[in-house]
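In what follows, a single structure is set out as structure tokens and then discussed.
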Amino acid sequence: MSQFSPVEIANWVAIYLAAGICCGIAMVMSVSVTLHEMWQAKVWQDARTIRGAALLLPKTWWRWQKLYLLSTPVTLGIVCYFAATMNWG
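First residue of the sequence shown? That's 1416 in my numbering, and the numbers climb one at a time after it.
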């Protein structure tokens, strides 16, 4: 006994694929922008001290998280719009 029809299963798979693709694009863009910002700011110069070296990874992680989380509303908007255009009947 299946709860979903084949159309509904195909729609859910398509929604998950769309979300995965959007998240993948956001990941690539956020990592590249983070690396570019770090290159421009020359953050490796702060790693000359023990404290600077210890804080390099958390600072890098925080930069990336801010950029990646900024993509969440866009990803949700795209996936919700995509789901709204599907035929669920």
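In this text, a Cβ means the ideal position worked out from N, Cα and C, and glycines have one as well.
Query	Result
Buried versus exposed, by CB contacts within 10 Å (16 or more), S1447	exposed
Cβ contact check for the stretch 1485-1499 and the stretch 1450-1465: 3 or more pairs under 8 angstroms	no
Cβ contact check for the stretch 1467-1479 and the stretch 1423-1431: 3 or more pairs under 8 angstroms	no
Spatial distance of C1495 from S1417 (CA atoms)	25 angstroms
R1478 - containing alpha helix (DSSP H), residue span	I1465 to L1485
Outcome for T1449 when other beta-carbon atoms lying within 10 angstroms are tallied against a minimum of 16	buried
8 angstroms Cβ shell around Y1483 - same chain, five flanking residues per side excluded	A1441, M1442 and S1445
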